[in-house]
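Asker:
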Amino acid sequence: MDTSLINGIGAYSTKKTSLINGRNDPQLADALKKISPEAQKKTRAKAQEFEAMFLNSMFSQMTTGVKGEGPFGDTTGTGVWRSMLTDEYSKSFAKSGGIGISNDVFRTLILQQANRAG
535 MDTSLINGIG
545 AYSTKKTSLI
555 NGRNDPQLAD
565 ALKKISPEAQ
575 KKTRAKAQEF
585 EAMFLNSMFS
595 QMTTGVKGEG
605 PFGDTTGTGV
615 WRSMLTDEYS
625 KSFAKSGGIG
635 ISNDVFRTLI
645 LQQANRAG
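The sequence shown begins at 535 in the numbering used here and counts up by one.
(1) Measure the CB-CB distance between Arg641 and Leu562 and report whether it falls below 8 Å.
(2) How far does the alpha helix (DSSP H) with Thr620 in it extend, from its first residue to its last?
(3) Please return the same chain residues whose Cβ sits closer than 6 Å to the Cβ of Leu643, not counting the five positions on each side in sequence.
(4) Since Thr612 contacts Phe593 with CB under 8 Å, what's their CB separation in whole angstroms?
(5) Since Ile644 is in the alpha helix (DSSP H), which residue starts that stretch and which ends it?
(6) Starting from the C-beta of Thr609, find all residues in its chain whose C-beta is less than 7 Å away, skip the five residues before and the five after it, and write them out in chain order.
(7) Assign Ser570 to one of three DSSP states: helix, strand, or coil.
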């Protein structure tokens, strides 16, 4: 029976086993059998959104003290521009694999959904 493979960048492919972050996860494999592909896709998107929010907070903190010339200079519109830039950076970073938070969030959410499904 085929289940989904979750690799480090969050992409899906069909395999005989289920992996998360490169490790076998039989518990996740069993849970994925109980959850529809549509629900898995929604859950993956929510997990990526969560990671993007975390990264946005981290990136915002990294740039709050930056002053001076260039794109992070201290001008009138810099605050708004900087927040939009960090938001886009965080979304892009999370979509391309991020730092691995979304994989763990996805696994936890899938296990919870499978437990509720019985």
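C-beta: ideal position from N, C-alpha, C; glycine also.
Answerer: Result, derived from the coordinates:
(1) The count along the sequence shown starts at 1 and reaches residue 641 at position 107. The count along the sequence shown starts at 1 and reaches residue 562 at position 28. Cβ distance < 8 Å, so Arg641 and Leu562 count as in contact.
(2) What you label residue 620 is simply residue 86 of the sequence shown in a count that begins at 1. Thr612 to Lys629 is the span of the alpha helix (DSSP H), which, as asked, contains Thr620.
(3) Reading the sequence shown from its first residue, position 109 is the one you call residue 643. Once the five neighbours on either side are set aside, the close Cβ partners of Leu643 are Thr577.
(4) If you number the sequence shown from 1, residue 612 lands on position 78. If you number the sequence shown from 1, residue 593 lands on position 59. About 15 Å separates the two Cβ atoms, so there is no contact after all.
(5) Reading the sequence shown from its first residue, position 110 is the one you call residue 644. Ile644 -> alpha helix (DSSP H) spans Ile635 to Ala651.
(6) Here residue 609 refers to the residue found at position 75 of the sequence shown. Listed in chain order, the non-local C-beta contacts of Thr609 below 7 Å within the same chain number zero, local neighbours out to five positions each way being set aside.
(7) Taking the sequence shown and counting its residues from 1, one reaches residue 570 at position 36. Ser570: coil per DSSP, three-state reduction.
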